[in-house]
Each structure stands twice: as structure tokens, then as C-alpha cells.
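Student: So for the sequence shown, my numbering puts the first residue at 479; every next one is plus one. Where a beta carbon is used, it is the ideal one built from N, C-alpha and C, also for glycine. All of these numbers come straight from a predicted model, not from anything done at the bench. One structure, pasted below without further comment.
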Amino acid sequence: MIMNRMEDSLVKTLDEVMHFLENYTIAWHHWLLILSLLKLGGSGTKAQILPVYKREGFSPHAIDKVFQMDLEDLGAAIEVEGGIKNLDEHSTIYLTEDPNFRKFLKKNLRDVVRKFKTQTRD
């Protein structure tokens with residue numbers, strides 16, 4: 479399996495990603511992607527994940543760009559089979575198995591889910 483990234487020096491480290499994800503107001507749709515991958519067992523295709531974005535009301539004209547930017551923002555937390563630049567409906571996206579990142583997810587998961595249930599987004 480070939481995993482391509484953007485320029486490695488441009489990829490956010492796991493520490494940078496975790497710090498970014500702590501700000502739920504900015505990162506809520508990134509959490510959509512992470513929660514989807516967790517629900518799918520740690521990996522899924524774009525076609526499996528994109529309906530979650532559609533249900534949240536993202537414009538059909540912007541959804542692909544938002545999805546790709548979210549993947550880029552998640553940096554070292556994810557891998558995209560074939561690379562982000564070659565992303566298509568069948569591309570598989572993998573959530574890292576890094577123990578520190580998984581510990582971070584476990585620590586924040588309950589709060590994130592609670593915020594999704596109680597916060598309305600316009």
C-alpha cells in the first residue's frame with residue numbers, strides 16, 4: 479500500500495493536530511471526520527465519510543474542498559491511500575494508531591460527542 483503525503487515538512491505533527499482539535503469551535507467538522515473513522519473501525523473511504531458532511535449541511539459546491547482541507551489540517555493523524563492530491567470516492571483514509579493520539583481521542587471523545595448533541599450550528 480502506497481501512502482503519499484504532501485511535502486512532509488508541511489504536514490502538521492500529531493502534537494499540532496491535538497492542539498488544534500482542542501478548539502472545538504474551529505475544529506468541529508474535523509471531529510466529524512475523526513468520529514466517522516472511529517465508527518468505521520479506524521479507516522474508511524471518502525464515499526463512506528462524505529454523507530456525514532452532507533447531513534451537517536455543507537454546500538454541495540464546497541463540500542469536496544472542505545473535506546480535502548480537513549484531511550490536510552489533520553496532518554499526521556491520518557493517512558490517505560494514494561495521497562491527498564489523488565483523493566477520489568474510493569480512496570481509503572486511515573486514522574493513526576499512535577498511542578498518544580488515541581489516548582487524546584479517548585480523553586476528549588465524551589466532551590466532543592456531548593457538544594455535538596447540544597450545540598446547534600447554523
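Determine the closest residue to THR613 out of GLU557, LYS584, PHE594, with distance taken between C-alpha atoms.
Tutor: With the chain represented from 479 up to 600, any question about residue 613 goes unanswered, as that position is not in the structure.
Student: Is DSSP giving MET484 helix, strand or coil here?
Tutor: In this prediction, MET484 has a pLDDT of 48, which is less than 50 and means its spatial position is unreliable; what the coordinates show is noted afterwards. Here MET484 sits in coil by DSSP.
Student: Check for me: the alpha helix (DSSP H) holding ILE541 runs from which residue to which?
Tutor: Taken as a continuous stretch (DSSP letters only), the alpha helix (DSSP H) holding ILE541 covers 541-551.
Student: State yes or no: is the C-beta of HIS539 nearer than 8 Å to some heavy atom of the ligand COA?
Tutor: As far as ligands go, the structure on display features none, and thus does not contain the ligand COA.
Student: Quick one: give me the first and last residue of the alpha helix (DSSP H) that GLU494 is part of.
Tutor: Where GLU494 is concerned, the enclosing alpha helix (DSSP H) stretches over 492-499.
Student: Keeping to the same chain, check which residues put their C-beta closer than 6 Å to that of SER514; ignore five residues upstream and five downstream.
Tutor: If we look at SER514 and ignore the five residues flanking it on each side, its Cβ neighbours are ILE527, VAL530.
Student: THR523: which of VAL590, ARG580, GLU559 sits nearest, CA to CA?
Tutor: That would be GLU559, whose Cα lies nearest to the Cα of THR523.
Student: Would LEU499 and HIS508 qualify as a contact pair, given that the criterion is a beta-carbon distance under 9 Å?
Tutor: Going by C-beta atoms, LEU499 is nearer than 9 Å to HIS508.
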